[in-house]
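**Student:** I have a structure I would like to understand better, so I am pasting it below and will then ask my questions one at a time.
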Amino acid sequence: MEPSRKQRWQLLQSAFEPGFRQMLLVSLLLHLLLPILSYLPFFSQQAIEKPPVYRVNLVNKIVKNPQAGRPEATPVKKKPVVKSKPKPKPKPTVKPKPIPPKPKSIPVKPKPVPTKPKPTTAKLAKKIKPVKKKPQPKPAISKDQNNNLQQRLEQMRAAQQKKAGEQARKERIAALKAAALAESSKVRSPIDAAPVGMVDGTGNEAGVSAIAFVQEFIQQQWSFSKYQAAGSPEAEVTLFYNAEGTLLHYKFLKKSGNSIFDESLIRAIAKSRQLPQVLPGSMSFEIVFNLKDMLGKP
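Have a look at this one:
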């Protein structure tokens, strides 16, 4: 005969080690409690708070230690102090001395000087004989002298090219400064007569931080329609600039996943290869570009 259900359960219980049922119950309770505890605030992951995005007036100077203030504030131009010139002191009056009368000059008759007859041009031409100049031999140029001459010419060409490149860079920076000035005139500070600085600034220099300046400059070169992307795409980029404000290279740390947004950001970075200001030194920046912040949404 087959054993009944009760007998089979008793056989199964006898096969288990002592205390197995307690361990099984504890394991079951832990599996039930873990999903519940994960939803409690103690286990919840806190979202990383991003620093607030402020508009930056690109006319403001880039400094290492910006003071507390507003980056979009307009710098106040100090009026030049005009020093009043001291009044000249009156000169003491000097009485003129009496001038003695001049003695009368006795006219002296000049003695006649005997004149010699001048020789004629025909006689002078006979006396002067034409001197024939001997042709001077041309100096021979050695190979070393020729090589030195070529090196000097190449150095002169390189110097001219460097000078032309520097002049072109200055003209480009001047054009960028003019464009930044025109664009910054549209930026208004919410606080009247606020000092130029950063909201979280702790330094003593009137100006803005380099990373805020670079982010604002790239965003001003950026063009994108809000109808081209849904959601809020976000990309993180590292940019490397030298002390002259020239972009050396850049790389994406994280792409947004939206090809249209990433391509528009690449175009904006390409337009920002030269900053309108110099930097305190060679610097690298890790900047997060968010569509919502770049469109200026509240």
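Each position in the sequence shown, counted from 1, maps to that position plus 250 in my numbering. Using N, Cα and C, we set each Cβ at its ideal position, and we do this for glycine too.
1. Between I510 and Q478, which are expected to be in contact by the criterion C-beta below 8 Å, what is the C-beta distance as a whole number of angstroms?
2. Hey, out of P483, Y304, V449 and K413, whose CA is closest to N315's CA?
3. What does the alpha-carbon distance come out to for the pair Q410 and E536?
4. Considering just the uninterrupted stretch of the alpha helix (DSSP H) at V487, what are its terminal residues?
5. Checking the sheet assignment: what are the DSSP bridge partners for H499?
6. Using C-beta distances below 7 Å, list every residue in its chain close to P483, excluding the 5 sequence neighbours before and after it, in chain order.
7. Provide the residue span of the beta strand (DSSP E) that contains S534, from first to last.
8. Distance, Cα to Cα, A460 vs K337?
9. Helix, strand or coil for V446? Go by DSSP, reduced to three states.
10. Within its chain, find whatever has a CB closer than 8 Å to the CB of R402; leave out the 5 residues flanking it on each side and keep chain order.
11. Let me check understanding here. Comparing Cα to Cα, which of Q470, A493, F502 and S475 lies closest to K522?
12. For K311, does the three-state DSSP call read helix, strand or coil?
13. Name the residue from D543, S514 and N492 whose alpha carbon lies nearest to the alpha carbon of F474.
14. Who are the near neighbours of S294 in its chain, counting only those whose CB is closer than 7 Å to its CB and skipping five residues on each side?
15. For A485, is the classification buried or exposed, using 16 other Cβ atoms within 10 angstroms of its Cβ as the cut-off for buried?
16. Less than 8 Å separating the beta-carbons of F463 and L308?
17. For R209, is the classification buried or exposed, using 16 other Cβ atoms within 10 angstroms of its Cβ as the cut-off for buried?
18. Leaving aside the five residues before and after P530 along the sequence, list all residues of the same chain whose C-beta is less than 8 Å from its C-beta, in chain order.
19. For the alpha helix (DSSP H) that S473 lies in, which residues bound it at each end?
20. Alpha carbon to alpha carbon, what distance is there between E466 and L498?
21. Could you compute how far the alpha carbon of L489 sits from the alpha carbon of A414?
22. Buried or exposed for F539, please, with buried defined as at least 16 other CB atoms from any protein chain shown within 10 angstroms of its CB.
23. Could you tell me which of K501, G481 and G495 sits nearest to V487, measuring between CA atoms?
24. Have a look at the DSSP bridge pairing and note the partners of K504.
25. Would P325 and V306 be called neighbours here (beta carbons separated by less than 8 Å)?
26. Give the secondary structure of R320 by DSSP, where H, G and I count as helix, E and B as strand, and everything else as coil.
27. Using the Cα positions of N397 and E404, report the straight-line distance between them to the nearest angstrom.
28. Taking the alpha-carbon positions, what's the I516 to L278 distance?
29. Using the DSSP secondary-structure output, state which residues sit across from E455 in a beta bridge.
30. For V446, is the classification buried or exposed, using 16 other Cβ atoms within 10 angstroms of its Cβ as the cut-off for buried?
31. Drop a sphere of 10 angstroms on the beta-carbon of Q417, count the other beta-carbons inside from all chains shown, and report buried for 16 or more, exposed for fewer.
32. Based on the DSSP output, what are the partners of Q395 in its beta bridges?
**Tutor:** Working from what's here:
1. Counting from one through the sequence shown, the residue named residue 510 turns up at place 260. Counting from one through the sequence shown, the residue named residue 478 turns up at place 228. The Cβ separation is near 5 Å, so the contact holds.
2. Residue numbering aside, residue 315 sits at position 65 when the sequence shown is read from its first letter. N315 has its Cα closest to that of V449, out of P483, Y304, V449 and K413.
3. Locating residue 410 in the sequence shown gives position 160, counting from the first residue. Locating residue 536 in the sequence shown gives position 286, counting from the first residue. Answer to the nearest angstrom: the Cα atoms are 37 Å apart.
4. Within the sequence shown, residue 487 is the residue found at index 237, counting from 1. Unbroken run through V487 is the beta strand (DSSP E), E484 to Y491; no alpha helix (DSSP H).
5. As a first step, residue 499 is located in the sequence shown; it is residue number 249 there, counting from the start. The partner list for H499 (beta bridge, DSSP) reads F490.
6. Against the sequence shown, residue 483 aligns to sequence position 233. Cβ neighbours of P483 beyond the five flanking positions: S506, G507, N508, F511 and L541.
7. By one-based count along the sequence shown, residue 534 stands at place 284. It spans M533 to N540 - the beta strand (DSSP E) in which S534 sits, taken as one unbroken run.
8. As a first step, residue 460 must be located in the sequence shown, where it is residue number 210. As a first step, residue 337 must be located in the sequence shown, where it is residue number 87. The straight-line gap from Cα to Cα measures roughly 49 Å.
9. Looking up residue 446 in the sequence shown gives position 196. Reduced to three states, the DSSP call for V446 is strand.
10. Taking the sequence shown and counting its residues from 1, the one referred to as residue 402 is at position 152. Excluding sequence neighbours, R402 sits near nothing in its chain.
11. Stepping through the sequence shown from its first residue, residue 522 is reached at position 272. In the sequence under discussion, the amino acid at residue 522 is Ser, which differs from the Lys named in the question. S522 has its Cα closest to that of Q470, out of Q470, A493, F502 and S475.
12. Residue mapping note: residue 311 aligns to position 61 of the sequence shown, counting from 1. Coil.
13. Locating residue 474 in the sequence shown gives position 224, where the first residue counts as 1. For F474, the nearest C-alpha among the options comes from S514.
14. Position 44 of the sequence shown, counted from the start, is the residue given in the question as residue 294. Confidence at S294 is low in this model, with a pLDDT of 46, below 50, so the placement of that residue is unreliable and no value is reported for it.
15. Within the sequence shown, residue 485 is the residue found at index 235, counting from 1. A485 should be labelled buried.
16. On the sequence shown, position 213 is the one that residue 463 refers to. On the sequence shown, position 58 is the one that residue 308 refers to. Contact flag set, yes.
17. Residue 209 lies beyond the range of the chain shown here (251 to 548); nothing can be said about it.
18. In the sequence shown, the residue the question calls residue 530 occupies position 280. Hits under 8 Å: I312, V313, K314, A460 and A493.
19. Reading the sequence shown from its first residue, position 223 is the one you call residue 473. No alpha helix (DSSP H) contains S473, which DSSP labels as neither H nor E.
20. Within the sequence shown, residue 498 is the residue found at index 248, counting from 1. Within the sequence shown, residue 466 is the residue found at index 216, counting from 1. Each residue's CA atom was taken as its position, placing L498 and E466 some 18 Å apart.
21. Taking the sequence shown and counting its residues from 1, one reaches residue 489 at position 239. Taking the sequence shown and counting its residues from 1, one reaches residue 414 at position 164. Rounded to the nearest angstrom, the two C-alpha atoms are 27 Å apart.
22. The residue labelled residue 539 in the question sits at position 289 within the sequence shown. Classification for F539: buried.
23. Within the sequence shown, the letter at position 237 stands for residue 487. When the alpha-carbon of V487 is set against those of K501, G481 and G495, the nearest one is in K501.
24. Numbered from 1 along the sequence shown, position 254 holds the residue referred to as residue 504. K504 is bridged to E486.
25. Here residue 325 refers to the residue found at position 75 of the sequence shown. Here residue 306 refers to the residue found at position 56 of the sequence shown. Contact flag unset, no.
26. One-based indexing of the sequence shown puts residue 320 at position 70. In the structure shown, R320 sits in a strand (DSSP, three-state: E or B).
27. In the sequence shown, the residue the question calls residue 397 occupies position 147. In the sequence shown, the residue the question calls residue 404 occupies position 154. The straight-line gap from Cα to Cα measures roughly 11 Å.
28. Indexing the sequence shown from 1 puts residue 516 at position 266. Indexing the sequence shown from 1 puts residue 278 at position 28. Cα atoms of I516 and L278: separation of roughly 54 Å, rounded to the nearest angstrom.
29. The residue you call residue 455 lines up with position 205 of the sequence shown. For E455, which the question treats as bridged, DSSP gives the partners P316.
30. Reading the sequence shown from its first residue, position 196 is the one you call residue 446. When all chains shown are included, V446 counts as buried.
31. Sequence index remark: in the sequence shown, residue 417 carries index 167 (1-based). Exposed: under 16 other Cβ atoms inside 10 Å.
32. Within the sequence shown, numbered from 1, the residue matching residue 395 stands at position 145. Beta-bridge pairing links Q395 to no other residue.
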